[in-house]
Amino acid sequence: MISMTGRFGWLFVLFLSGMLVSLHSWDRIAFYIKLDRTLFPWLCAFIQVSVGLWLAISISRFQRRTGFIIGVVALLIVTMLFSLIFPPLNRGEIISGGSDRDEALNVATQALLNGQYPYTATGAVPASHSSVGPDGNPISPLPGELILAAPFIALIGEGAWQNPFWLSVFWITLAWYFGTKTVFQPAPASGVLVLLLSSPTITIGEIIAGGDLLTITLILLISCIWIRRAEHPVSRILAGILCGLAIATRPHFFIILPLLFAAMLNSGIVSASRRMLWVAVVVTGVVVPFWIWNPPRFSPLHAGSLALSFNDTLPYANFWLYSGLFISLGLFGYGIVKDYCSFEMAVGVILLFPVLFFTMLATLKSVHFNWQYAFYGISGWVFLITAAWQSPAGRADAYRQPDEP
Numbered sequence: 021m022i023s024m025t026g027r028f029g030w031l032f033v034l035f036l037s038g039m040l041v042s043l044h045s046w047d048r049i050a051f052y053i054k055l056d057r058t059l060f061p062w063l064c065a066f067i068q069v070s071v072g073l074w075l076a077i078s079i080s081r082f083q084r085r086t087g088f089i090i091g092v093v094a095l096l097i098v099t100m101l102f103s104l105i106f107p108p109l110n111r112g113e114i115i116s117g118g119s120d121r122d123e124a125l126n127v128a129t130q131a132l133l134n135g136q137y138p139y140t141a142t143g144a145v146p147a148s149h150s151s152v153g154p155d156g157n158p159i160s161p162l163p164g165e166l167i168l169a170a171p172f173i174a175l176i177g178e179g180a181w182q183n184p185f186w187l188s189v190f191w192i193t194l195a196w197y198f199g200t201k202t203v204f205q206p207a208p209a210s211g212v213l214v215l216l217l218s219s220p221t222i223t224i225g226e227i228i229a230g231g232d233l234l235t236i237t238l239i240l241l242i243s244c245i246w247i248r249r250a251e252h253p254v255s256r257i258l259a260g261i262l263c264g265l266a267i268a269t270r271p272h273f274f275i276i277l278p279l280l281f282a283a284m285l286n287s288g289i290v291s292a293s294r295r296m297l298w299v300a301v302v303v304t305g306v307v308v309p310f311w312i313w314n315p316p317r318f319s320p321l322h323a324g325s326l327a328l329s330f331n332d333t334l335p336y337a338n339f340w341l342y343s344g345l346f347i348s349l350g351l352f353g354y355g356i357v358k359d360y361c362s363f364e365m366a367v368g369v370i371l372l373f374p375v376l377f378f379t380m381l382a383t384l385k386s387v388h389f390n391w392q393y394a395f396y397g398i399s400g401w402v403f404l405i406t407a408a409w410q411s412p413a414g415r416a417d418a419y420r421q422p423d424e425p
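Its first residue numbered 21, the sequence shown is counted upward by one per residue in the numbering used here.
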């Protein structure tokens with residue numbers, strides 16, 4: 021853990037995790053344009069992550085006004101690209117097929133808005149191993165994600181518009197988080213934004229294609245920042261509700277709860293317990309009723325049994341997965357998580373563990389590098405980037421600059 025506090029250690033970790041995330045998209049690009057999938061993805065990912073880190077660090081050192089302009093321009097460009105490319109992409113006019121995640125979210129959320137049980141619906145892409153129904157993949161998001169997407173489905177009719185919206189909120193939150201109560205720091209926030217957008221897995225695979233993994237990760241990180249820095253009782257309650265909804269979007273986010281509690285203990289056990297109470301109440305109140313209503317059709321738990329498909333490659337794969345997760349939680353949760361920076365670092369590492377686990381199993385099963393599950397590393401990468409920029413080494417190196425006159 022000592023090396024993680026140094027500048028080189030953070031760069032090394034961000035580089036490797038960024039490579040993991042980006043290899044997924046570069047491998048698919050090589051497949052579509054019929055290039056060598058052995059060397060091309062590695063070379064492109066290496067160049068892209070190196071340039072992205074250099075740009076992010078350079079932008080973070082700019083003055084506030086320049087950093088603000090870069091952030092706004094980046095958000096406008098990505099929003100324009102989304103509004104132009106996503107509609108025909110979603111209709112299958114650019115690439116046939118497409119992702120099932122945005123369609124599944126729309127179907128389930130619309131069913132919820134209509135007063136129906138959302139998990140009796142299925143997505144659009146046929147699934148060979150669906151345990152819910154023969155017409156498509158099971159709905160994998162927990163009820164928290166359906167509730168968060170409901171305003172966008174009701175007003176716009178498309179949940180994918182969450183991506184540019186929450187990306188903007190994320191940038192504003194980071195500018196506030198990296199600064200003080202009265203002075204924002206948009207330059208480091210813009211550096212983080214540019215680093216994320218430099219990855220095709222995020223820009224193309226998530227934002228433009230309408231994925232949901234980036235959105236729920238950003239909401240989770242935003243809510244964790246808000247719940248820690250909120251001072252007014254009403255603000256704490258609202259932050260706790262948002263954090264509870266964010267955790268109630270995916271089953272593996274539950275493992276964050278003890279880490280978040282440990283990170284807030286420096287404000288006192290009573291204060292930390294009060295903040296966590298609202299999170300726990302929302303998580304329980306959102307998830308449990310949907311599970312009790314129809315346990316066999318509560319498909320998020322079915323979709324989470326991915327490890328069972330690798331039992332022929334690694335016997336008792338579920339056992340090894342959960343053992344590794346709890347060992348990681350114990351190592352990072354005991355004596356390591358003492359502040360919010362260490363919390364972000366611990367969450368990032370723990371969220372990357374199952375990604376590495378399934379990537380390794382998929383590679384062994386395919387007898388060649390298989391990056392099918394690498395894009396799930398987005399969640400861990402986002403937390404690690406924020407932790408690096410918030411760390412003492414990151415603050416001193418990246419954006420402790422004199423203010424503009």
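Positions of the beta carbon are idealized from the N, C-alpha and C atoms, including for glycine. Source: prediction; values computed, not measured.
Counted within 10 angstroms of its Cβ, other Cβ atoms place residue i as buried (16 or more) or exposed
{"i": "asparagine 331", "result": "exposed"}
{"i": "leucine 40", "result": "buried"}
{"i": "glutamate 364", "result": "buried"}
{"i": "serine 37", "result": "buried"}
{"i": "tryptophan 313", "result": "exposed"}
{"i": "glycine 177", "result": "exposed"}
{"i": "arginine 426", "result": "Outside the shown range of the chain, which is 21 to 425, sits residue 426, and nothing can be said about it."}
{"i": "aspartate 122", "result": "buried"}
{"i": "threonine 304", "result": "exposed"}
{"i": "threonine 235", "result": "buried"}
{"i": "glutamine 136", "result": "exposed"}
{"i": "serine 160", "result": "buried"}
{"i": "serine 151", "result": "Any reading at serine 151 needs caution, since the residue's pLDDT is 37, under 50, leaving its predicted position unreliable; the model's value is listed next. Serine 151 should be labelled exposed."}
{"i": "glycine 18", "result": "The chain is shown only over 21 to 425; residue 18 falls outside these bounds and no answer can be derived."}
{"i": "asparagine 134", "result": "exposed"}
{"i": "leucine 104", "result": "exposed"}
Endpoints, the alpha helix (DSSP H) within which residue i is located
{"i": "aspartate 264", "result": "It should be noted that the sequence gives glycine, not aspartate, for residue 264. Start and end: 253-267."}
{"i": "serine 362", "result": "360-386"}
{"i": "tyrosine 52", "result": "27-52"}
{"i": "tryptophan 401", "result": "398-410"}
{"i": "proline 107", "result": "84-110"}
Cβ shell of residue i (< 6 Å), same chain only, five flanking positions each side left out
{"i": "leucine 75", "result": "Val214"}
{"i": "phenylalanine 352", "result": "Ala366"}
{"i": "alanine 300", "result": "none"}
{"i": "serine 399", "result": "Thr237, Leu371"}
{"i": "serine 411", "result": "Cys361"}
{"i": "asparagine 338", "result": "Ala327"}
{"i": "leucine 285", "result": "Ala292"}
{"i": "phenylalanine 378", "result": "Tyr393"}
Residue i in three-state terms, based on DSSP
{"i": "proline 161", "result": "coil"}
{"i": "methionine 284", "result": "coil"}
{"i": "asparagine 183", "result": "helix"}
{"i": "aspartate 332", "result": "coil"}
{"i": "valine 357", "result": "coil"}
{"i": "aspartate 122", "result": "helix"}
{"i": "threonine 58", "result": "coil"}
{"i": "arginine 440", "result": "Nothing in the structure corresponds to residue 440, since the chain is present only between 21 and 425."}
{"i": "serine 243", "result": "helix"}
{"i": "isoleucine 192", "result": "helix"}
{"i": "glycine 117", "result": "Since pLDDT at glycine 117 reaches only 46, below the 50 mark, its modelled position is unreliable, and no value is offered."}
{"i": "tyrosine 393", "result": "coil"}
{"i": "serine 219", "result": "coil"}
{"i": "tyrosine 197", "result": "helix"}
{"i": "asparagine 338", "result": "helix"}
{"i": "glycine 305", "result": "helix"}
{"i": "glycine 350", "result": "helix"}
{"i": "valine 299", "result": "helix"}
{"i": "arginine 270", "result": "coil"}
{"i": "alanine 207", "result": "helix"}
{"i": "glutamine 136", "result": "coil"}
{"i": "arginine 249", "result": "helix"}
{"i": "glutamate 178", "result": "coil"}
{"i": "phenylalanine 66", "result": "helix"}
{"i": "glycine 344", "result": "helix"}
{"i": "phenylalanine 19", "result": "Within the shown structure, residues of the chain are numbered from 21 to 425, placing residue 19 beyond reach of any answer."}
{"i": "glycine 231", "result": "coil"}
{"i": "arginine 81", "result": "coil"}
Cutoff 7 Å; reference residue i; Cβ partners in own chain excluding five residues on either side
{"i": "alanine 407", "result": "Cys361, Glu364, Met365, Gly368"}
{"i": "phenylalanine 281", "result": "Ala292, Met296"}
{"i": "alanine 250", "result": "Arg256, Ala259"}
{"i": "aspartate 47", "result": "Arg57, Pro61, Trp391"}
{"i": "phenylalanine 51", "result": "Arg57"}
{"i": "isoleucine 79", "result": "Gly87, Ile90, Ala207, Ser210, Gly211, Val214"}
Residue i at chain B interface by Cβ criterion, 8 Å
{"i": "tyrosine 137", "result": "No chain B appears in the structure shown, which is made up of a single protein chain."}
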